[in-house]
Amino acid sequence: MPATLLEHYNVFCKDLKKTVDFYEKYVGLRDGDRPPFPFPGAWMYAGEQAVLHLVSESGRSDHGSGAIDHIALRCTDIRATLDLLKKDGVDYMLRKVPARPLQQVFVHDPDGIQIEMNFWDEELVEGVTEHRDSTAPTFRPEKVPA
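1353 is the number that the working numbering gives to position 17 of the sequence shown; each next residue is one higher, with no gaps.
Below, the structure is given as structure tokens:
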């Protein structure tokens, strides 16, 4: 009975359109087919898998991810990702994982949830620094995407 795969994670969002746009534009997920539930929401796909379920809850006051620090996604084309984030003025943190061919970009979605984008085996980008301090790479942006 062991778990074999993380199917998806669910996020309550204050502004469904803004959150869908964020994940499409900056993370490369696609808004796709969703069952006809009696409440507003969206399912965001990576390929054929709905990896993120969004539920519109405009009255909620919570923000961020609580005890969960971040959600990590494998991504491609770090240069294009960084160019887009810079162009749009989105705060991010760039890190190189020690002893691995892995660069990471940390951002926050419109609801304050930290997203870790992992780029494996890509040419090192200018300005990337290796994570060397003793704390986890929690990123606190100056601002979250508008």
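Even glycine gets a Cβ: it sits at the ideal position worked out from N, Cα and C.
| query | How would you label F1442, buried or exposed, when you count the other beta carbons within 10 angstroms and need 16 or more for buried? | reply | buried
| query | Do the CB positions of D1447 and V1356 come within less than 8 Å of each other? | reply | no
| request: Decide if A1416 is buried, meaning its Cβ has at least 16 other Cβ atoms within 10 Å, or exposed. | output: exposed
| message | Only counting the same chain, and skipping five residues up and downstream in sequence, which positions put a Cβ closer than 6 Å to that of R1366? | response | Y1381
| query | Can you give the Cα-Cα distance for H1389 and T1465, rounded to whole angstroms? | reply | 33 Å
| said: Less than 8 Å between the beta carbons of C1349 and S1401, yes or no? | reply: no
| request: In the DSSP assignment, find the unbroken beta strand (DSSP E) run with R1366 in it and report its ends. | output: R1366 to G1368
| request: Going by CA-CA distance only, name the one from P1437, L1409 and I1451 that's closest to M1429. | output: I1451
| Expected contact under 8 Å - CB spacing of V1363 and L1421 to nearest Å | That pair is no contact at about 11 Å.
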